[in-house]
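Protein chains in written order, with our numbering: chain P, 4 to 520; chain W, 2 to 172. Idealized CB from N, CA, C, for every residue including glycine.
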């Protein structure tokens with residue numbers, strides 16, 4: 004019987020050489036006359052171990068990583084197909100502490116199943132949420148999501164059930180479910196991992212959202228920087244449709260739900276929900292005034308549920324296991340789990356799904372293993388390019404929407420980027436303004452003009468031109484952007500800028516005058 | 002009456018498309034014009050086929066969708082992904098976002114500018130490489146990252162960068 008070997012087809016794994024490793028395993032197996040079945044799974048999220056090769060053995064799946072093509076012959080010699088000892092051996096993958104200590108709900112199947120295999124999906128608990136939803140009235144589905152406490156995982160943390168309720172209560176011939184997969188924040192990749200590792204989960208979640216709100220058409224707006232996710236997801240939609248999970252008769256229920264995936268085109272602002280809707284309609288991705296809310300007048304002017312990938316992908320388990328089951332995870336008003344993505348200067352970057360309440364310090368040191376460079380971690384940016392920079396003194400903050408808001412920070416989409424002590428925080432503050440200037444949609448003045456002026460003011464501060472006056476000006480400008488911008492881009496860009504200025508003032512200080520004696 | 006010498010010739014004349022380009026654009030428009038919100042899928046399909054969206058195709062797109070040329074032009078120029086000029090044989094997108102900055106992306110950017118003698122949105126004189134910035138490739142745990150054509154590379158060091166550039170120039 005063929006031995007099953009798993010080699011991830013995931014952007015990070017491929018970027019680390021997984022394709023060449025898969026080919027090397029194939030070639031070695033052929034040369035040695037060994038029957039090997041290679042499954043291209045998604046990633047477990049243990050990114051620093053990629054390419055992480057797993058072998059199905061009598062004692063479960065055992066891992067080897069990071070594997071280079073040159074290691075493959077050696078692995079065969081060591082009998083890795085039977086779980087043999089080797090310098091790269093990691094033992095049973097599920098026992099690796101990084102993974103064993105997590106609470107994987109949304110990512111329970113990632114890296115385990117063949118992402119496009121419908122049988123594998125069903126065998127690992129797939130479609131149970133949809134089956135449960137098909138037995139419920141729309142109000143009951145919506146109520147389950149509301150009771151679960153699920154809040155939008157895209158960053159704004161708005162209760163998902165409330166959005167659904169508004170759409171359910173509106174009358175229209177056509178309603179839509181839109182999935183925001185414009186995962187533009189640096190340091191985030193959990194959406195990508197769902198597409199590449201467990202795409203049917205998102206399809207199931209969107210179909211449930213359709214049943215709950217009366218929407219019969221869904222669109223996924225996926226960023227163009229993720230070509231692999233796009234091709235895998237397109238294939239997943241086709242297979243799901245062919246198997247009757249999408250279309251005019253979802254799972255034989257007589258209910259309709261169609262799904263299409265559209266590509267963005269490299270505009271960060273299209274992660275803002277109304278800009279995304281404009282873009283889907285074929286226009287410039289400019290932010291809309293609110294009201295009207297997208298739930299009442301969204302895509303093509305129709306009532307629209309618009310949620311992030313992780314929000315929608317969390318829904319099937321809530322329906323399958325009940326609202327209370329999900330609600331039992333978490334702290335305060337932050338219920339359930341958050342897939343946290345560790346990136347930047349960390350030894351062990353990867354995906355950590357834990358209930359809310361875990362501290363930044365645990366994530367950076369227990370999981371992340373400290374900096375990759377071996378130098379002290381000096382600053383951490385949480386929540387993408389619009390998130391605050393936090394100093395070491397704030398590393399004990401628990402991951403909780405309200406606890407972060409209390410220190411002038413935000414969790415956003417759960418991305419954590421670490422910097423060591425070589426970072427120049429004035430340069431980071433400048434970049435925040437520069438990024439806003441590049442990505443501003445141009446609709447409102449504080450963002451469009453303020454960001455460019457912000458770059459200039461920071462340049463003057465760094466050049467010691469009227470330092471105190473320019474720092475006062477930067478604060479005043481930030482205040483205008485914070486309170487006067489139409490959306491979160493201009494409105495939150497001051498967070499990284501002011502946090503850098505407040506916590507790392509020394510980087511904005513004049514260069515130390517040389518002492519001449 | 003404006004003398005002929007003072008008239009500004011439009012740059013977006015469909016007649017300037019070569020035959021293959023015209024056929025591609027016509028095929029795309031026939032396939033996709035009926036989609037709701039068709040403009041982005043159309044622009045993607047044109048650029049995927051031709052490497053860029055020729056300004057000369059703008060009137061054809063506008064006509065197919067019954068919108069103005071200004072609308073089409075406005076959308077093309079709004080999105081960083083779409084190009085109006087032919088790129089080099091390879092497109093190298095260097096990530097400039099924070100996770101990559103934390104792992105030395107600024108040094109890589111400097112090295113790349115020196116090696117190639119160009120800045121972002123420019124193409125090397127030998128037509129080998131077009132350099133573009135990108136803000137996150139979703140490979141943040143193994144930074145710094147770049148995308149060469151459709152492939153992402155992780156933990157890119159200066160020597161690997163030189164190797165990739167050399168390979169692009171050879172073919």
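Residue range of the unbroken alpha helix (DSSP H) whose run includes residue i
i: residue 284(P); result: No alpha helix (DSSP H) contains residue 284(P), which DSSP labels as neither H nor E.
i: residue 140(W); result: Taken as a continuous stretch (DSSP letters only), residue 140(W) belongs to no alpha helix (DSSP H), as it is neither H nor E.
i: residue 471(P); result: 470 to 487
i: residue 231(P); result: 230 to 245
i: residue 194(P); result: 193 to 200
i: residue 144(P); result: 141 to 151
First and last residue of the uninterrupted beta strand (DSSP E) at residue i
i: residue 220(P); result: 220 to 225
i: residue 133(W); result: 130 to 135
i: residue 183(P); result: 179 to 184
i: residue 9(P); result: 6 to 9
i: residue 413(P); result: Taken as a continuous stretch (DSSP letters only), residue 413(P) belongs to no beta strand (DSSP E), as it is neither H nor E.
Local Cβ density within 10 Å of residue i, reported as buried at 16 or more and exposed below that
i: residue 472(P); result: exposed
i: residue 415(P); result: buried
i: residue 517(P); result: In this prediction, residue 517(P) has a pLDDT of 48, which is less than 50 and means its spatial position is unreliable; nothing more can be read from the coordinates.
i: residue 443(P); result: buried
i: residue 14(W); result: exposed
i: residue 276(P); result: buried
i: residue 125(W); result: buried
i: residue 479(P); result: exposed
i: residue 379(P); result: exposed
i: residue 488(P); result: buried
i: residue 285(P); result: buried
i: residue 397(P); result: buried
i: residue 220(P); result: buried
i: residue 13(P); result: buried
i: residue 170(P); result: buried
i: residue 292(P); result: exposed
i: residue 232(P); result: buried
i: residue 423(P); result: buried
Helix, strand or coil at residue i according to DSSP, with G and I counted as helix
i: residue 395(P); result: helix
i: residue 122(W); result: coil
i: residue 444(P); result: coil
i: residue 81(W); result: coil
i: residue 422(P); result: strand
i: residue 213(P); result: helix
i: residue 384(P); result: strand
i: residue 83(P); result: helix
i: residue 520(P); result: Because the pLDDT of residue 520(P) is 49, which lies under 50, any placement of that residue in the model is unreliable, and the number read from its coordinates should be weighed accordingly. Three-state DSSP puts residue 520(P) in coil, outside helix and strand.
i: residue 69(P); result: coil
i: residue 534(P); result: Past the edges of chain P, shown from 4 to 520, lies residue 534(P), and the structure says nothing about it.
i: residue 206(P); result: helix
i: residue 57(P); result: strand
i: residue 263(P); result: strand
i: residue 94(P); result: strand
i: residue 147(W); result: strand
i: residue 464(P); result: helix
i: residue 274(P); result: helix
i: residue 63(P); result: strand
Cβ shell of residue i (< 7 angstroms), same chain only, five flanking positions each side left out
i: residue 51(W); result: 22 and 25
i: residue 428(P); result: 382, 392, 503, 507 and 510
i: residue 2(P); result: Outside the shown range of chain P (4 to 520) lies residue 2(P), about which nothing can therefore be said.
i: residue 157(W); result: 109, 145, 146 and 147
i: residue 390(P); result: 384, 412, 413, 415, 498 and 499
Own chain partners of residue i with C-beta closer than 8 angstroms, once the 5 adjacent residues on each side are dropped
i: residue 283(P); result: 181, 222, 224, 265 and 302
i: residue 77(P); result: 89
i: residue 137(P); result: 214, 253, 254, 256 and 258
i: residue 246(P); result: 121
i: residue 250(P); result: 244, 259, 260 and 261
Neighbourhood of residue i by C-beta, 6 angstroms cutoff - its chain only, sequence neighbours within 5 removed
i: residue 520(P); result: Low per-residue confidence applies at residue 520(P): pLDDT is 49, beneath 50, and the placement is therefore not dependable, though the value from the model is reported in the following sentence. Counting only Cβ-Cβ distances below 6 angstroms, and skipping sequence neighbours, we find nothing.
i: residue 418(P); result: 188, 190, 191, 344 and 387
i: residue 84(W); result: 53
i: residue 451(P); result: 443 and 445
i: residue 274(P); result: 185 and 187
Contact test: residue i Cβ vs the ligand FMN heavy atom, cutoff 7 angstroms
i: residue 403(P); result: This structure does not include the ligand FMN; it has no bound ligands of any sort.
### Task
Only counting runs of 3 or more residues, tell me where the beta strand (DSSP E) segments fall wholly within the stretch 303 to 374 of chain P, in order along the chain.
307 to 311, 340 to 347 and 353 to 358
### Selection of the stretch 278 to 291 of chain P by Cβ proximity to chain B, strictly under 9 angstroms
Of the chains in the structure shown, none is chain B; the protein chains are P and W.
### Every unbroken beta strand (DSSP E) within the stretch 36 to 114 of chain W, with a cutoff of 3 residues, ordered by chain
91 to 96
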